[in-house]
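Trainee:
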Amino acid sequence: MDIFTLIGSITFLGIVKFLLVTLLLVYAVFAMLMMRQVSAMTKAVTMKDDYVIRILGVINFGFSIAVLLMAIFFL
Amino acid sequence: MVGKANLSFDAIKKMIGKMGSDNLLTSFVSFPNRVCFETQDDEEKVILFLRQHPIVNLPWIFMAVLMLTLPSIFIFFPPFASLPSSYQFVVTSGWYMFVFGYMLAKFMGWFFNIYILTDERIVDVDFKNIFFRRISTAKTEEVQDVNIQSSGSFETFFGYGSVFIQTAAEVSQFEFLYVPNPDRVGKILNQLIDLEEQEKLEGRVK
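Line order of the protein sequences matches chains A and B. According to my numbering, the first sequence is numbered sequentially starting from 2. According to my numbering, the second sequence is numbered sequentially starting from 169.
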């Protein structure tokens, strides 16, 4: 496949998919860092019922992975 | 030694009394249950647990509500409107996820920005964003000066303000920003300093 055929095969939706997957991948890394930071902070200062915020961190990370997988496989 | 430590803690408890509610989202509570921090000594007791007044969260809550309504506006405008429905679904899900992340990051910024007074020292947990956190401590005996500041209509109306603590420790100034009842915080801190000086005079060392 030469370069002109490759450029010719790029579509608007292809660019949108590439941008979406890249953004969601970056966000998933960010969500993972957030989850780890929550875990570190709840270890640094232990409070009553602080598992709630740890759950929120895990939900955010799970949500980011779910949306990333949706973007990879559904689009 | 333990008996004397307990004696002074009982004196502090009697002097200050129980204040504030003991729930997860509290921003002012004395003698909280189940609050401890990593560098806490075995016999060290938490006297006061503070966060910024909940009202400081209003700007980001307002912003988040605004952001949540955006997908219903996107739908009428290109290029979003011209995308296939599967793309629209992923973009909308991604947007809500981003807003959730924004809310969580802002909430964490408030939740983990903690100020603690113990019977031995002051602890300032700074959590500015997910990439920056700092825990500073200073012994009560190192406190040199306590300034209380409450300015502006919001702070006066909702009863919050800032407490600035000058110390002889490595961190020269501790800032307890936008805490509820700053006068009480200052008073309690002064009481703890007095008690520490009294203990020093009596030769009691924890």
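Positions of the beta carbon are idealized from the N, C-alpha and C atoms, including for glycine.
Against residue 25(A), what residues of chain B qualify as contacts under a CB-to-CB distance less than 7 Å, listed in chain order?
Mentor: Residues of chain B passing the Cβ test: 262.
Trainee: Contact criterion: CB-CB distance below 8 Å. Does residue 47(A) meet it with respect to chain B?
Mentor: It does: the Cβ of residue 47(A) has a partner Cβ on chain B nearer than 8 Å.
Trainee: Answer yes if the region 48–66 of chain A comes into contact with the region 291–309 of chain B, meaning at least three C-beta pairs across the two stretches below 8 Å, and no otherwise.
Mentor: Short answer: they don't touch.
Trainee: Check the Cβ of residue 192(B) against every Cβ in chain A and list those closer than 9 Å, keeping chain order.
Mentor: Within 9 Å Cβ-Cβ: 48, 49, 50, 51, 53 and 54.
Trainee: So for residue 209(B), helix, strand or coil by DSSP?
Mentor: Coil, per DSSP.
Trainee: Taking one C-beta from the region 31–43 of chain A and one from the region 242–258 of chain B each time, how about it: are there three or more such pairs within less than 8 Å?
Mentor: Because the criterion of three Cβ pairs below 8 Å is not met, the region 31–43 of chain A and the region 242–258 of chain B do not touch.
Trainee: Taking the alpha carbon of residue 196(B) as the point to measure from, which residue in 356(B), 235(B) and 294(B) has its own alpha carbon closest?
Mentor: Cα-wise, what sits closest to residue 196(B) is 356(B).
Trainee: Below 6 Å CB to CB, which residues in the same chain sit around residue 224(B) once its five sequence neighbours on both sides are set aside?
Mentor: So the list reads 346, once near-sequence residues are dropped.
Trainee: Is the Cβ-Cβ distance between residue 331(B) and residue 353(B) less than 8 Å?
Mentor: For residue 331(B) and residue 353(B), yes; Cβs fall inside 8 Å.
Trainee: For residue 305(B), report the span of its beta strand (DSSP E) as first-last.
Mentor: Residue 305(B) -> beta strand (DSSP E) spans 300–307.
Trainee: Please return the same chain residues whose Cβ sits closer than 8 Å to the Cβ of residue 243(B), not counting the five positions on each side in sequence.
Mentor: Around residue 243(B): 249 and 256.
Trainee: Which residues in chain A have a C-beta closer than 7 Å to the C-beta of residue 273(B)? List them in chain order.
Mentor: By Cβ distance, chain A contributes 35.
Trainee: Provide the residue(s) that pair with residue 214(B) in DSSP beta bridges, ordered along the chain.
Mentor: Looking at the DSSP assignment, residue 214(B) forms a beta bridge with 286(B).
Trainee: DSSP three-state call for residue 60(A): helix, strand or coil?
Mentor: Residue state, collapsed to three classes: helix.
Trainee: So which of 289(B), 298(B), 326(B) and 329(B) has the shortest CA-CA distance to residue 312(B)?
Mentor: For residue 312(B), the nearest C-alpha among the options comes from 289(B).
Trainee: Could you check what DSSP says for residue 190(B) in three-state terms: helix, strand or coil?
Mentor: In the structure shown, residue 190(B) sits in coil (DSSP, three-state: anything other than H, G, I, E or B).
Trainee: Do you know offhand how far residue 326(B)'s Cα is from residue 348(B)'s?
Mentor: Approximately 8 Å between the Cα atoms of the pair.
Trainee: Provide the residue(s) that pair with residue 329(B) in DSSP beta bridges, ordered along the chain.
Mentor: In DSSP, residue 329(B) forms a bridge with 347(B).
Trainee: Rounded to whole angstroms, what's the CA-CA distance from residue 262(B) to residue 199(B)? Just pull it up for me.
Mentor: Rounded to whole angstroms, residue 262(B) to residue 199(B) spans 42 Å at the Cα level.
Trainee: Tell me the rounded alpha-carbon separation between residue 203(B) and residue 234(B).
Mentor: The straight-line gap from Cα to Cα measures roughly 35 Å.
Trainee: Exposed or buried, residue 358(B), counting other C-beta atoms within 10 Å across all chains shown (16 or more means buried)?
Mentor: Under this definition residue 358(B) is an exposed residue.
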